[in-house]
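Residue numbers (my numbering): 7 to 180.
Even for Gly, the Cβ is constructed at its ideal location relative to N, Cα and C.
This report refers to the structure that appears directly beneath it.
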Amino acid sequence: MNVYLLDFLKGNICRSPIAEVVMADTLTKANRTDVLVDSAALGGWHVGNRADPRALSTLEKHGLKSTHIVRQITKKDFQDFDYIFGMDEDNMKELRRLSPQGSKAELLMLGDFGLDKSERIIEDPYYVRFFYTLLIFMLNYCIHLQERGAEGFETAYQKCVVSCGAFMKQRLQK
(Lines of atoms letter the chains of each structure in order from A and count residues from 1; the text may use other names and numbers.)
(Lines give C-alpha, C1' and ligand atoms only; values in the text may rest on other atoms or scores of the structure.)
Protein backbone atom coordinates (compact mmCIF):
# COMPACT_ATOMS: atom_id res chain seq x y z
CA MET A 1 0.00 0.00 0.00
CA ASN A 2 1.39 3.40 -0.92
CA VAL A 3 0.30 6.34 1.20
CA TYR A 4 1.02 9.92 0.23
CA LEU A 5 1.17 12.73 2.80
CA LEU A 6 1.36 16.43 1.97
CA ASP A 7 1.99 19.19 4.50
CA PHE A 8 0.53 22.51 3.35
CA LEU A 9 1.31 26.03 4.49
CA LYS A 10 1.18 29.55 3.21
CA GLY A 11 4.84 30.00 2.25
CA ASN A 12 6.21 26.46 2.71
CA ILE A 13 9.39 27.71 4.39
CA CYS A 14 8.81 27.24 8.15
CA ARG A 15 6.35 24.75 9.62
CA SER A 16 5.65 22.55 6.60
CA PRO A 17 9.31 21.73 5.83
CA ILE A 18 9.78 20.90 9.53
CA ALA A 19 6.67 18.69 9.47
CA GLU A 20 7.80 17.05 6.22
CA VAL A 21 11.20 16.08 7.65
CA VAL A 22 9.79 15.02 11.04
CA MET A 23 7.07 12.89 9.40
CA ALA A 24 9.60 11.27 7.05
CA ASP A 25 11.93 10.55 9.99
CA THR A 26 9.06 9.13 12.08
CA LEU A 27 8.04 6.85 9.22
CA THR A 28 11.63 5.77 8.51
CA LYS A 29 12.12 4.79 12.15
CA ALA A 30 8.93 2.69 11.87
CA ASN A 31 10.19 1.03 8.65
CA ARG A 32 7.32 2.53 6.66
CA THR A 33 8.93 2.79 3.24
CA ASP A 34 5.53 2.76 1.55
CA VAL A 35 4.72 6.34 2.57
CA LEU A 36 5.78 9.37 0.53
CA VAL A 37 5.92 12.73 2.33
CA ASP A 38 6.05 16.15 0.65
CA SER A 39 5.07 19.73 1.42
CA ALA A 40 3.77 22.65 -0.62
CA ALA A 41 2.86 26.33 -0.42
CA LEU A 42 -0.36 28.24 -0.92
CA GLY A 43 1.32 30.96 -2.94
CA GLY A 44 4.34 31.26 -5.17
CA TRP A 45 6.25 33.76 -3.02
CA HIS A 46 9.13 31.40 -2.19
CA VAL A 47 8.92 28.82 -5.02
CA GLY A 48 12.38 27.47 -5.82
CA ASN A 49 13.87 28.55 -2.48
CA ARG A 50 14.99 26.44 0.45
CA ALA A 51 13.30 26.49 3.84
CA ASP A 52 13.85 29.39 6.23
CA PRO A 53 17.37 29.15 7.74
CA ARG A 54 15.83 29.06 11.23
CA ALA A 55 13.77 25.99 10.28
CA LEU A 56 16.87 24.30 8.86
CA SER A 57 18.85 25.17 11.99
CA THR A 58 16.14 23.72 14.23
CA LEU A 59 16.11 20.48 12.25
CA GLU A 60 19.91 20.26 12.30
CA LYS A 61 19.87 20.76 16.07
CA HIS A 62 17.87 17.51 16.23
CA GLY A 63 20.13 15.65 13.80
CA LEU A 64 17.79 16.04 10.82
CA LYS A 65 18.43 17.59 7.41
CA SER A 66 16.15 19.02 4.76
CA THR A 67 16.75 19.18 1.03
CA HIS A 68 13.30 20.68 0.55
CA ILE A 69 12.75 23.18 -2.25
CA VAL A 70 9.53 25.22 -2.03
CA ARG A 71 6.78 24.38 -4.51
CA GLN A 72 3.21 25.56 -4.84
CA ILE A 73 0.27 23.23 -4.24
CA THR A 74 -1.59 22.08 -7.36
CA LYS A 75 -5.07 20.70 -8.05
CA LYS A 76 -3.35 17.41 -8.92
CA ASP A 77 -2.04 17.17 -5.33
CA PHE A 78 -5.63 16.74 -4.15
CA GLN A 79 -5.86 13.59 -6.30
CA ASP A 80 -2.34 12.26 -5.73
CA PHE A 81 -2.13 12.59 -1.94
CA ASP A 82 -4.14 10.57 0.57
CA TYR A 83 -3.76 13.14 3.34
CA ILE A 84 -3.07 16.87 3.23
CA PHE A 85 -2.26 18.58 6.52
CA GLY A 86 -2.71 22.16 7.61
CA MET A 87 -1.30 23.61 10.81
CA ASP A 88 -3.96 26.18 11.75
CA GLU A 89 -7.53 27.22 10.93
CA ASP A 90 -6.43 29.58 8.14
CA ASN A 91 -4.56 26.73 6.44
CA MET A 92 -7.59 24.49 6.73
CA LYS A 93 -9.88 27.17 5.30
CA GLU A 94 -7.54 27.60 2.32
CA LEU A 95 -7.29 23.85 1.79
CA ARG A 96 -11.08 23.51 1.74
CA ARG A 97 -11.30 26.42 -0.71
CA LEU A 98 -8.68 24.93 -3.04
CA SER A 99 -9.89 21.33 -2.83
CA PRO A 100 -11.57 20.37 -6.11
CA GLN A 101 -14.82 18.44 -6.13
CA GLY A 102 -14.10 14.72 -5.94
CA SER A 103 -10.77 15.24 -4.19
CA LYS A 104 -9.16 12.02 -2.97
CA ALA A 105 -7.18 13.75 -0.22
CA GLU A 106 -8.43 13.83 3.35
CA LEU A 107 -7.81 17.31 4.79
CA LEU A 108 -6.53 17.17 8.37
CA MET A 109 -5.02 19.51 10.93
CA LEU A 110 -1.73 17.97 12.01
CA GLY A 111 -2.10 19.22 15.58
CA ASP A 112 -5.29 17.16 16.00
CA PHE A 113 -3.01 14.16 16.43
CA GLY A 114 -1.38 13.73 19.82
CA LEU A 115 -1.77 17.30 21.09
CA ASP A 116 -4.26 18.69 23.59
CA LYS A 117 -7.09 20.60 21.94
CA SER A 118 -5.71 23.84 23.41
CA GLU A 119 -2.33 23.14 21.75
CA ARG A 120 -3.56 21.87 18.37
CA ILE A 121 -2.55 24.99 16.44
CA ILE A 122 1.08 24.80 15.34
CA GLU A 123 1.88 28.51 15.31
CA ASP A 124 3.82 30.12 12.49
CA PRO A 125 7.23 30.99 13.95
CA TYR A 126 8.08 33.27 11.00
CA TYR A 127 6.70 36.41 12.59
CA VAL A 128 7.78 37.93 15.88
CA ARG A 129 4.53 37.91 17.89
CA PHE A 130 4.96 40.63 20.46
CA PHE A 131 3.94 44.26 20.16
CA TYR A 132 4.93 47.14 22.40
CA THR A 133 5.58 50.70 21.48
CA LEU A 134 7.75 50.97 18.41
CA LEU A 135 10.80 51.83 20.47
CA ILE A 136 10.38 48.90 22.86
CA PHE A 137 9.62 46.62 19.94
CA MET A 138 12.80 47.63 18.11
CA LEU A 139 14.95 47.28 21.22
CA ASN A 140 13.59 43.82 21.97
CA TYR A 141 13.80 42.87 18.31
CA CYS A 142 17.45 43.83 18.06
CA ILE A 143 18.44 42.23 21.35
CA HIS A 144 16.38 39.04 21.29
CA LEU A 145 15.41 38.29 17.68
CA GLN A 146 17.58 35.25 17.24
CA GLU A 147 16.66 33.78 20.63
CA ARG A 148 12.92 34.34 20.24
CA GLY A 149 12.90 33.22 16.61
CA ALA A 150 14.68 29.99 17.50
CA GLU A 151 12.21 29.36 20.34
CA GLY A 152 9.23 29.56 17.97
CA PHE A 153 10.84 27.14 15.52
CA GLU A 154 11.68 24.74 18.35
CA THR A 155 8.04 24.82 19.52
CA ALA A 156 6.84 24.09 15.97
CA TYR A 157 9.35 21.23 15.73
CA GLN A 158 8.28 19.68 19.05
CA LYS A 159 4.59 19.85 18.11
CA CYS A 160 5.36 18.23 14.74
CA VAL A 161 7.23 15.39 16.47
CA VAL A 162 4.25 14.61 18.71
CA SER A 163 1.64 14.99 15.97
CA CYS A 164 3.51 13.00 13.31
CA GLY A 165 4.05 10.11 15.72
CA ALA A 166 0.42 10.11 16.80
CA PHE A 167 -0.83 10.31 13.19
CA MET A 168 1.30 7.34 12.20
CA LYS A 169 0.02 5.28 15.13
CA GLN A 170 -3.64 6.25 14.58
CA ARG A 171 -3.87 6.15 10.79
CA LEU A 172 -0.95 4.16 9.41
CA GLN A 173 -0.66 1.15 11.76
CA LYS A 174 -0.03 -2.02 9.82
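Residue state for Ser105 is assigned as coil, using DSSP reduced to three classes. Of all C-beta pairs linking the segment 58 to 68 to the segment 94 to 105, fewer than three are shorter than 8 Å, placing the two stretches out of contact. Around the beta carbon of Ser22, 16 or more other beta carbons sit within 10 angstroms, so the residue counts as buried. The alpha carbon of Glu125 has as its nearest neighbour, out of Gly117, Tyr132, Pro131, the alpha carbon of Gly117.
Taking Thr34 as reference, the option from Asn18, Leu70, Leu15 with the minimal CA-CA separation is Leu70.
Rounded to the nearest angstrom, the Cβ distance from Ile79 to Leu104 is 7 Å, consistent with a contact under 8 Å. In the DSSP assignment, Val27 falls within the unbroken alpha helix (DSSP H) covering 21 to 35. If you compare the alpha carbons of Asp40, Gly49, Val41, Ala36 with that of Ile19, the shortest gap goes to Gly49. DSSP, read as helix, strand or coil, puts Glu112 in strand. Assignment of Leu62 by DSSP, reduced to helix, strand and coil, places it in the helix class. Nearest Cα to Arg77 within the set Asp86, Val53, Thr39: Val53.
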